[in-house]
Structure formats: structure tokens, C-alpha cells
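Trainee:
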Amino acid sequence: MPTFVTETLPYIVIGAIIIAVLLSAIRIMREYERAVVFTLGRFSGVKGPGLIILVPIVQQLVRIDLRTLVLDVPSQDVISRDNVSVKVNAVIYFRVVDADKAVIQVENFMAATSQLAQTTLRSVLGKHELDEMLAERDKLNRDIQEILDSQTDAWGIKVANVEIKHVDINESMIRAIARQAEAERYRRARIIGAEAEQQAAEKLVEAGEMLARRPESMQLRYLSTLQDIAGEKNSTIVFPVPVEFLQALAAPATVQRETASRRRGSEATQA
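Numbering (the numbering used here), first residue to last: 54 to 324.
If you want it as C-alpha cells, here you go:
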């Protein structure tokens, strides 16, 4: 005689299967998620966010996150245009804008974007010299971002930003760069000193020409110099005397010598 359990067990199993199938048909997509739905293997649309009901067994879905994703590009060995070996790594910020393309057009968009970023990083930086890598990083970031964005557009991906994190140089190259920078600073200092001397010489020439045109300016300069010397407590004072002043003092003696010479000449003639 069959018992109650043996009679109801088949119905319990069937009910559990039905409940499991119904639960598998219900999906909830968050605000930042989309569901790429396939019906019997064919793409049938993108659904979400919210409640999604699928036909069990017939339909399947793939979840896609639409938030901005951060991809850390591994360190890459790059040979610059001036044949300097450096290690460069970067970080990429991107997001999925077309969920169906991200699923259908590429097998794994994360891995594909990472590989593409590595090759693009080596290609772009290899066209620039080391100085440009260090000084024009913003421009290089934009160039890499534009290339990646154009190439990943077919995958439904938008590359928002690219940032070069580190440009690592070996120790010997760092010392060479330091020596080059020191030599450049010395060269600039020499140039600035030479330009200062040239400007000072030009000003002295201009001052000499002005004093030559206006003798009274020389007298004022002479008096100013005497005043400056008087203000200093020096045991020895040197007075600069103009040549015209010495000539004026020597003029009477010169006249006396010339008069005496003429007088002796006249006496010799009379004798």
C-alpha cells in the first residue's frame, strides 16, 4: 500500500523544477548594467536596467558593466627616437557605450583593450625623443587616447583618458642627463654674463659720448666723485684732477720759458 510520501514525491519534484525554471527566467539589472540577450544563439536585443524575464532554455544573457573601468597597462620597454631605452607604464580609463558590440565584436574586450594599449604605447613613444617623453607628457597622453579611442570604437568602447604614470631611466642615463643639465646651466650663465658685459660697455660708450658733447656734465661728475670720497673714512685720498686744470696751471710756466728763450735769442743777435 503506497504511503503519502511516495504519492506526493513526484509532485514535489515537479514543483521544485518549475520553481527553479521560473527563477532562472527572472533577472534584475542594476542601473549601471545592461543585459545582452540571445534567443537560440541569435542576438535579440539589449535590455535593462530593471526586471528582465527570459524564456527558459531558449534565451540567455550576458551582463555588461557600463561604469568607467580602470586598466593598468604593464610596464613596457620602449626605445625612443634618440635610441634611449626606457620603461614606461600607463593607466587607461574607458567604458562600454555599446553593450552589444562589446559582446559580439570581440571575445574579451578587457584583454583586447589591454593588448592594444601596450602596442600603442610602444608605437607612439618610440616616435619621440626622451626629452619629449619627460616634458610633453600631456601631449603624448592625448595622442595615445585618440588612437585607442578610434581603434576601440568598433568594439563599442569609449576611451576617456590615458595617463602615463612612470618613465623609468637607468642610472647611467640619469647621470648623463644630470651632466647635460649642468652643462646647459653653465652655458646659459656664460651667455648671460657676456650679454651683461656687452650692455655695460654700450652704456659706458653712450655715457662717454654724452660727456664729450656736454663738458659741464664732466664737472658735475667730478664734484659728485669728490663728495663720495669725502664721505668715506679713508687715510689716503686720491683727487682726480682734470687734464684741463693741469694745463691751466702749467700755462704761466710755459709762457715764462718762451719769453726767456726769446730774450736770450735777441741778446745773442745783438752781440
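By construction, the Cβ of each residue, glycine as well, lies at the ideal position given by its N, Cα and C atoms. Computed from a prediction, not measured in an experiment: that's the story for all the values here.
Give me the residue from 148, 107 and 179 with the minimum Cα distance to residue 74.
Mentor: Measuring from the Cα of residue 74, the nearest candidate turns out to be 107.
Trainee: Under the rule that 16 or more other beta-carbon atoms within 10 Å means buried, what is residue 111, buried or exposed?
Mentor: Exposed: under 16 other Cβ atoms inside 10 Å.
Trainee: Assuming residue 220 and residue 149 are in contact, meaning their beta carbons sit under 8 Å apart, how far apart are those beta carbons, in whole angstroms?
Mentor: About 30 Å separates the two Cβ atoms, so there is no contact after all.
Trainee: Under DSSP, the beta strand (DSSP E) around residue 122 begins and ends at which residues?
Mentor: Residues 122-132.
Trainee: Report all residues from its chain with a CB closer than 6 Å to the CB of residue 125; omit the five preceding and five following residues, and keep chain order.
Mentor: Closer than 6 Å at the Cβ level, and outside the excluded window around residue 125, lie 144.
Trainee: My output table needs one value for residue 142: the three-state DSSP class, helix, strand or coil.
Mentor: The answer is strand: DSSP assigns residue 142 an E or B state.
Trainee: To the nearest angstrom, report how far apart residue 165 and residue 210 are at their CA atoms.
Mentor: Residue 165 and residue 210: Cα-Cα distance of roughly 11 Å.
Trainee: Beta-carbon within less than 7 Å of residue 222's beta-carbon, same chain only, minus the 5 sequence neighbours each way: which residues are those?
Mentor: Closer than 7 Å at the Cβ level, and outside the excluded window around residue 222, lie 139.
Trainee: Could you check where the alpha helix (DSSP H) with residue 171 kicks off and where it finishes?
Mentor: 162-178 is the span of the alpha helix (DSSP H), which, as asked, contains residue 171.
Trainee: Name the DSSP bridge partner or partners of residue 118?
Mentor: Per DSSP, 86.
Trainee: Which same chain residues end up closer than 8 Å to residue 171 when comparing Cβ atoms and leaving out the 5 residues on each side of it in sequence?
Mentor: Contacts found: 126, 127 and 129.
Trainee: If you draw a straight line from the C-alpha of residue 82 to the C-alpha of residue 101, how long is it?
Mentor: Rounded to the nearest angstrom, the two C-alpha atoms are 6 Å apart.
Trainee: Given a cut-off of 8 Å on the beta-carbon distance, is the pair residue 208 and residue 159 in contact?
Mentor: Yes, they are a contact pair.
Trainee: Please list the terminal residues of the continuous alpha helix (DSSP H) segment that includes residue 200.
Mentor: Unbroken alpha helix (DSSP H) run through residue 200: 190-204.
Trainee: Flag this pair as yes or no: are the beta carbons of residue 169 and residue 204 separated by less than 8 Å?
Mentor: Closer than 8 Å, so yes.
Trainee: Excluding the five sequence neighbours on either side, which residues of its own chain have a C-beta within less than 7 Å of the C-beta of residue 61, listed in chain order?
Mentor: Excluding positions up to five away in sequence, the list is empty.
Trainee: Taking Cβ positions, are residue 141 and residue 178 nearer each other than 8 Å?
Mentor: Closer than 8 Å, so yes.
Trainee: Roughly how many angstroms separate the alpha carbons of residue 245 and residue 231, rounded to a whole number?
Mentor: Using only the alpha carbons, I get a separation of about 21 Å.
Trainee: Return the residue from the list 80, 85 and 123 that minimises the CA-CA distance to residue 105.
Mentor: Of the candidates 80, 85 and 123, the one whose C-alpha sits nearest the C-alpha of residue 105 is 80.
Trainee: Just the C-alpha distance for residue 122 and residue 192, rounded to the nearest angstrom, thanks.
Mentor: Their Cα atoms are separated by approximately 22 Å.
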